[in-house]
Each structure stands twice: as structure tokens, then as C-alpha cells.
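2 protein chains.
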Amino acid sequence: MQRTPYRRPGPGTRPFSHRLAQESGLASIKDVAQRAGVSTTTVSRVLTTPGAVRAPLRERVEQAIADLGYRPNLAARRLRQRRASIVGLIVSDIRSPFFTDVGRAVEDVAYRNGLRLILCNSDENPAKEQSYLELMADEQASGVILSPTMEGLRRLRPGDWPFPLVLVDRALESSRVDRVVLDNHAAARRATEHLLQSGYRRIALLAGIHSTTGQQRHAGYADALAAHGLAPRPLWLDPTRDAGQRATAQCLAAPPAERPDALLATNGLLLLGALQAVQAAGLRTPQDIGIAGFDNNDWTALPALDVTTIAQPTYDIGRTAAELLLQRMQDPARPARRVVLEGELVARGSSARS
Amino acid sequence: MQRTPYRRPGPGTRPFSHRLAQESGLASIKDVAQRAGVSTTTVSRVLTTPGAVRAPLRERVEQAIADLGYRPNLAARRLRQRRASIVGLIVSDIRSPFFTDVGRAVEDVAYRNGLRLILCNSDENPAKEQSYLELMADEQASGVILSPTMEGLRRLRPGDWPFPLVLVDRALESSRVDRVVLDNHAAARRATEHLLQSGYRRIALLAGIHSTTGQQRHAGYADALAAHGLAPRPLWLDPTRDAGQRATAQCLAAPPAERPDALLATNGLLLLGALQAVQAAGLRTPQDIGIAGFDNNDWTALPALDVTTIAQPTYDIGRTAAELLLQRMQDPARPARRVVLEGELVARGSSARS
DNA sequence: GTGAAAGCGCTAACAC
DNA sequence: GTGTTAGCGCTTTCAC
């Protein structure tokens with residue numbers, strides 16, 4: 001592929017290249033060395049090892065770098081160092097607001113630390129997830145942040161991959177890997193108790209079927225109900241709006257005495273679907289039916305909806321995961337950490353019957 | 001940094017490495033060549049040039065590759081080829097649903113074509129945008145998809161960068177660069193005409209101040225009003241929910257005869273803010289005030305909101321941008337293309353007064 | 001503290 | 001069609 005000759009962009013943003021090396025049009029470390037009258041070793045040291053080169057020489061090198069508009073070739077550096085300053089983020093779908101926030105946080109931390117973020121969507125497909133992990137190995141990534149599929153999680157062994165791995169959102173209790181997760185059990189229990197306090201008794205759960213979080217949230221929900229001698233009514237669903245809507249509509253079609261008097265959705269999409277069905281059925285919250293759900297998405301606060309939610313510290317989750325990764329990169333030997341963050345119940349009108 | 005020895009993950013997913021090369025623990029092309037009894041050139045050809053090596057030899061090489069679990073070193077390949085299979089996506093903030101969708105589409109296309117997606121958030125900061133573009137140059141990216149800041153757009157010249165560039169969402173009429181944009185003028189005009197048809201006359205516009213899209217949408221809105229002899233009432237705002245909410249609340253505080261009878265928001269966040277303020281003021285749509293806005297976010301369809309929107313083909317925009325980039329990579333000489341996609345008016349209850 | 005020299009893993013001329 | 005050889009740009013021993 002043909003390449004236009006490289007020019008520092010923008011007028012005066014940075015010094016122009018006065019001289020160009022080789023056919024590539026780019027100055028190399030050799031050109032810098034030559035211009036500064038030193039060896040390439042010295043240039044390299046100025047670039048990578050602070051304090052290794054004495055001031056007068058260092059300044060000459062820095063001048064040459066500036067004059068030539070030199071920029072190090074990352075491919076060469078990586079080939080030599082056998083490691084790329086790249087972080088992979090593998091999630092099921094970046095369009096999920098939860099992962100969007102996480103991704104943004106990870107990118108912020110990565111950028112501040114001179115790392116690039118490669119984004120990967122696994123679509124809950126273990127094969128695609130595997131393929132992306134292999135890609136990251138090929139890239140010699142410095143680390144990967146992964147929200148694993150159920151199968152991927154089951155299959156995962158420490159040492160499988162040549163890079164440190166941090167799990168987000170989904171993990172097994174037992175796994176000996178760095179990870180940052182929500183206290184799903186407590187959050188779901190808290191939300192369920194809140195609905196119980198509001199006087200609801202026939203509380204149905206819309207739970208995502210593909211993730212450990214769905215299971216853990218189900219457990220918290222079931223425990224809260226059990227403490228009141230009530231039976232759980234879980235609906236295991238694809239975590240999509242449509243699935244939530246269809247399941248809810250079906251629920252609501254039951255005779256009034258049997259149908260649930262409240263709904264708890266384990267993620268934002270299911271919550272949206274549930275609301276859609278409830279409103280389409282002409283039911284009002286909180287009188288006719290109570291509603292609460294995970295993910296405090298911005299629209300839930302609209303007065304016309306006023307939906308009770310569990311707010312997840314999404315940005316914090318991503319930031320913490322990235323920080324764990326950085327720490328692990330610095331100290332590969334340290335014991336695995338499990339960071340558990342708390343969800344916050346945001347009680348709003350949709351569950352305020354009492 | 002210490003590295004655990006590389007092992008193909010998962011039992012039986014792919015053949016294990018039987019032999020390990022050098023200290024790195026990874027088989028190199030040399031090991032493959034040796035095992036197959038050929039030169040490294042032949043191995044390289046098997047890897048990169050289909051049909052260049054005859055069947056018997058090729059099969060021997062492929063067997064050796066499988067036996068050793070060989071994977072090519074991308075850094076070495078890039079160093080040699082002076083080009084990385086990397087695509088950069090630079091947007092203001094991936095958390096904006098518009099860019100989330102675009103990003104997802106770009107990643108899909110990239111993955112199918114063996115390209116990695118590096119994600120960058122510029123935060124509307126021209127310096128950060130510039131820094132990311134330089135990063136992409138350092139990465140020897142194959143191409144970049146950019147939603148530029150206003151200043152970045154003004155500064156941009158063809159040939160500035162050593163990679164093909166495709167603009168999304170924001171571009172100047174004149175710029176001679178591949179780009180895919182919405183017909184903002186037509187979309188805003190259409191939405192405004194729709195509000196006029198519903199009988200609204202004092203239509204205020206909440207317009208994002210940082211982007212060309214805001215300006216173009218303002219022009220479409222103003223033209224529609226002018227055709228009816230009406231004066232535009234633009235509010236130029238930071239494109240955030242809070243700004244939209246504050247500005248709307250202030251608007252609504254005016255005496256009834258002066259305050260707008262309809263609001264048009266030029267993006268999803270401003271629309272959300274406007275709704276928040278309208279509902280908080282106890283006003284009903286469409287009776288007390290009409291509402292319409294850009295970005296057909298999923299929550300806008302909820303019966304309790306039922307907001308009229310302009311749906312942007314967000315995924316298509318991203319997909320098209322990625323495809324333009326691929327085509328440009330194959331043919332650097334071809335003339336720049338400008339793809340204009342149409343928004344679709346989704347008329348709902350919030351504007352149905354007539 | 002600085003330089004000379006080797007080599008990371010791969011591909012692309014160029015020979016045969 | 002296949003092999004030999006050089007070298008991409010950088011870092012890292014190892015001398016001095």
C-alpha cells in the first residue's frame with residue numbers, strides 16, 4: 001500500500017522534520033544519533049532511561065530529536081521488548097451502557113499510562129471470546145480486561161495466557177484471578193427487601209441467563225423472599241429489551257390474583273422491556289405494579305418514569321479493573337485480588353406504594 | 001516484566017506447542033522452517049501468499065505450524081511491512097449512544113477484516129485529539145475513523161497524516177476527505193416542519209455548540225421556520241443533559257405568551273434534559289408543549305414518554321465509514337467520497353397535538 | 001557514562 | 001517454485 005510521506009501535522013504544533021531518513025520518510029534513531037554525534041545506544045537511553053545520560057549530551061540528543069521530528073517506531077520497540085503497551089478490553093457488547101462506562105474508564109486510565117485500548121465485542125460467543133484472547137496474545141498485549149462468557153469462565157485457568165488478566169463484572173467465587181465485581185447478592189437482596197417493605201409480595205425476577213451476575217442476583221432475590229417465607233418467581237431470559245418485554249407481557253396476562261405485583265429486572269435492558277410491557281398494558285406504577293431494576297441509566301430518573309434502580313458504580317468498576325491490571329503488570333507475583341463494589345439503591349416512585 | 005510461558009489455552013482447542021523456541025517460549029518462523037525442512041521464506045509464503053507454494057511442501061509447512069502451535073509475531077511483521085493492521089476510532093466520548101453504536105459497527109467490520117480497533121476518547125479537546133492522531137501515526141495504523149472537534153476539522157489538511165482518514169458525523173462541506181454524515185439540514189428541517197404541522201409556532205431549538213452537526217441542524221430548523229415567516233429561537237448549549245435541563249427550565253420560566261410552545265433538541269442528551277425540565281415543571285406533552293429530538297434512543301419509545309425523534313442510522317454510519325476506510329486502503333488514489341445518510345422522522349405522541 | 005555489536009522475527013529482493 | 005541474504009528500528013549485553 002502506498003503511503004503519503006509523513007509530515008508533522010498542523011502549523012507549529014511540533015517541529016517539522018528537516019531531514020528524512022531512508023525511503024520511509026521517517027527519521028530513525030540512527031538519524032538522531034548521527035545528527036547529535038552520538039551512538040544509537042545513547043539516544044535509546046535518553047528515550048527510555050531517565051538520568052542515564054548526562055545533561056550536555058542529553059540535551060544535544062533532545063535537540064536532534066526535536067529537529068528531526070523523530071518519533072520512535074513502536075513495532076521495532078515491541079519486537080525488541082517482546083511486549084506491547086496495549087490493553088485489550090473484551091466485553092459482550094460495548095453498546096450495553098454498563099460496558100460503555102467501563103470502557104470509558106479503562107480508556108482513561110490506559111491513556112494516562114501510555115497504553116492503547118483495543119476494543120473487542122464477544123457477543124456472548126465463547127469462540128469469539130477465545131479468538132480475541134488469542135489475538136491479544138499475538139499482539140503481545142500488556143494485559144487484558146475481560147468480562148467472560150459463562151463457558152469461557154469455566155474453561156479459564158491461571159497461566160492460560162501470556163498476559164495478566166483482570167475479570168470485570170463476572171467471576172466465580174473460587175477463581176484465583178484479579179477481578180472487580182459488584183456485590184450482586186447484596187444488591188439484589190436489598191432491592192427485593194425494598195419491594196417487600198413497600199408491601200409487594202408476588203415479586204417476579206427478570207434475570208439474564210448468560211451471566212454469573214444473573215445467577216448471583218437471583219440468589220440475593222431468592223434469599224430475601226425466603227426470609228419472608230415467599231417463593232421466588234424467576235424468569236430466565238436473554239438479556240435483551242425484547243425478551244424482557246415479551247416475558248413481562250406474558251406474565252401480566254395471567255389472572256390478577258396470580259400475576260406478580262412487582263417486577264425486579266437484573267439489568268437495564270430487561271428493565272426497559274418490563275416498563276414497555278407494563279405501560280403498554282395500561283398499568284400504573286407503583287399502584288398497579290411495583291418496578292425496580294439494575295442499572296441506574298440516565299432515563300430512569302425522568303419524572304414520568306421515576307424508576308427505582310440499583311446504581312452500579314460502573315465507571316469505578318472500570319477504573320479499578322484498569323488499576324488492578326497496572327499493579328499486576330508491575331508485580332506479577334502478588335496474590336490475586338478480588339475487589340467487590342457495592343450497588344446503591346436509588347429508591348424512586350415506581351416502588352413507593354406504602 | 002516476567003512472563004508466564006505461553007501455552008495454547010483450553011484443552012484441545014488447538015494443538016499444543018511440542019517444542020519451544022528460544023527463551024521466549026514461543027515457536028518462531030525459524031522453528032517451523034527447521035521442522036518442515038524448508039527455508040523461512042517458504043514458511044512466510046505459506047502464511048502470506050496463497051498459491052505461492054506447491055501442495056506437498058505447503059502441507060508439510062502447515063503440519064509443522066500446527067505441531068508447534070506457531071503464531072506469527074505481529075510486531076516483527078509490522079516492523080518489516082511498515083504497516084500495522086490497526087484501525088483507530090477517535091470520538092469525543094464513547095458513552096454517547098451515537099458513538100457507541102458507531103464504534104460497535106466499526107469493530108464488527110474491522111474484526112471481519114483482520115483489523116484491530118483502538119478506541120480513543122477526545123472529549124472535544126483538540127489537543128487530545130491531536131495527541132491521539134499522533135499515537136495512531138506512531139502505531140503505523142492502517143487507517144483512522146475520526147469524529148473531529150471543530151478546531152481539528154478546521155486545521156485538518158489532506159496529507160497531514162500517514163494513514164487514510166475517514167470522517168464521521170462531522171465534516172465541512174468543502175473538505176476533500178472520505179466522510180459519512182447525516183443530512184442534518186434535511187433532518188432538522190423535517191422535524192421542524194412536523195412540529196409546525198402540529199400547530200406549534202414558538203419552537204425553540206436546543207443545539208449543541210461544539211459540533212458542525214449542531215450548526216447544520218440549526219440551519220435546517222431556521223429554514224423551516226423562515227418558510228413560515230417565523231423567527232428561530234436557538235439555544236446554544238454544551239451537549240449535556242444538565243445543560244439541556246437548565247436551559248429548558250429557564251425557558252419555561254418565561255411568561256406563557258412568550259415561552260416556547262415546542263422544543264427541538266439536536267441530540268439525545270439535550271432531549272433528555274429537556275424532557276426532565278418539562279416534566280419537572282408539570283407540563284404535559286403534547287398539550288402543554290411539543291417535544292421532538294434527535295437520536296431515537298431506546299427509551300424514547302416507552303409509552304409513558306412516547307417522544308418524537310429523528311432516528312439516525314447509527315450502525316450504518318459506522319459500517320459505512322469502516323467500509324470507506326477499507327476501500328481507501330485498497331485504492332489510495334481514488335477520489336474522496338462523501339456519503340450522506342438520511343435521518344428518519346419517528347413521529348410519536350409528544351408532538352401529536354393536531 | 002558511553003559506544004560497538006548482536007539480534008528480536010519477519011518479509012522481500014534477488015538468485016537459482 | 002524455492003532458498004539465500006539482507007535489513008526493518010530498536011534495545012541490550014558487554015566492553016571500556
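Residue numbers (full-length UniProt numbering), protein chains in the order written: chain Y, 1 to 354; chain W, 1 to 354. Where a beta carbon is used, it is the ideal one built from N, C-alpha and C, also for glycine.
N- and C-terminal bounds of the beta strand (DSSP E) containing residue i
i: Arg-116/W; result: 116-121
i: Arg-338/Y; result: 338-341
i: Gly-143/Y; result: 143-146
Paired residues, beta bridge with residue i - DSSP
i: Ala-292/W; result: Leu-264/W and Thr-308/W
i: Val-91/Y; result: Asn-121/Y
i: Glu-344/Y; result: Ala-311/Y
i: Gly-282/W; result: Looking at the DSSP assignment, Gly-282/W forms no beta bridge with any residue, so it has no partner.
i: Ile-86/W; result: Arg-116/W
i: Val-166/Y; result: Ile-145/Y and Asp-178/Y
Under the three-state DSSP convention, the category residue i falls into
i: Trp-236/W; result: strand
i: Ile-203/Y; result: strand
i: Val-53/W; result: coil
i: Gly-208/Y; result: strand
i: Leu-324/Y; result: helix
i: Gln-22/W; result: Confidence in Gln-22/W is poor, its pLDDT being 40 and thus under 50, which makes the residue's placement unreliable; the coordinate value appears in the next sentence. Correct three-state label for Gln-22/W: coil.
i: Leu-68/Y; result: helix
i: Val-61/W; result: helix
i: Glu-193/Y; result: helix
i: Ser-39/Y; result: coil
i: residue 383/W; result: The question about residue 383/W has no answer here: the residues shown for chain W are numbered 1 through 354.
i: Ser-354/Y; result: coil
i: Asp-298/Y; result: helix
i: His-218/Y; result: helix
i: Pro-255/Y; result: coil
i: Ser-28/W; result: coil
Range covered by the alpha helix (DSSP H) that runs through residue i
i: Arg-179/W; result: Taken as a continuous stretch (DSSP letters only), Arg-179/W belongs to no alpha helix (DSSP H), being part of the beta strand (DSSP E) at 178-182.
i: Val-109/Y; result: 97-112
i: Ala-75/Y; result: 74-81
i: Glu-134/W; result: 126-138
i: Trp-151/W; result: The sequence given here has Glu at residue 151/W, not Trp. Run containing Glu-151/W: 150-155, per the alpha helix (DSSP H) assignment.
Backbone CA spacing between residue i and residue j [nearest angstrom]
i: Ala-127/W; j: Leu-47/Y; result: 23 angstroms
i: Ala-280/W; j: Arg-116/W; result: 45 angstroms
i: Leu-26/W; j: Arg-82/Y; result: 11 angstroms
i: Leu-325/W; j: Val-87/W; result: 9 angstroms
i: Pro-11/W; j: Arg-155/Y; result: Unreliable placement is indicated for Pro-11/W, whose pLDDT of 26 sits below 50; the coordinate value is still reported in the next sentence. Roughly 9 angstroms between the two C-alpha positions.
i: Gly-51/W; j: Thr-42/W; result: 12 angstroms
i: Phe-98/Y; j: Phe-98/W; result: 15 angstroms
i: Leu-341/W; j: Ile-317/W; result: 8 angstroms
i: Pro-286/W; j: Ser-351/W; result: 5 angstroms
i: Ile-118/W; j: Val-307/W; result: 35 angstroms
i: Ala-336/Y; j: Met-150/Y; result: 20 angstroms
i: Val-53/Y; j: Tyr-70/Y; result: 18 angstroms
i: Val-181/W; j: Asn-121/W; result: 19 angstroms
Residue-level contact to chain Y via CB, residue i, 8 angstroms cutoff
i: Arg-337/W; result: no
i: Arg-116/W; result: yes
i: Trp-299/W; result: yes
i: Glu-151/W; result: no
i: residue 361/W; result: The requested residue 361/W is not part of the displayed model; chain W covers only 1 to 354.
i: Pro-234/W; result: no
i: Gln-22/W; result: Note that Gln-22/W has pLDDT 40, beneath the 50 cutoff, so the model's placement of it is unreliable and no number is given.
i: Ala-76/W; result: yes
i: Leu-283/W; result: no
Residue-level contact to chain W via CB, residue i, 8 angstroms cutoff
i: Asp-138/Y; result: yes
i: Thr-100/Y; result: yes
i: Leu-119/Y; result: yes
i: Gln-197/Y; result: no
i: Gln-276/Y; result: yes
i: residue 358/Y; result: In this structure chain Y extends from 1 to 354, so residue 358/Y is not present and cannot be described.
i: Pro-303/Y; result: yes
i: Ala-280/Y; result: yes
i: Leu-79/Y; result: yes
i: Arg-104/Y; result: yes
i: Leu-324/Y; result: no
The ligand ZN heavy atom lying under 7 angstroms from the CB of residue i
i: Ser-147/Y; result: What this structure holds is no ligand at all, so the ligand ZN is not there to describe.
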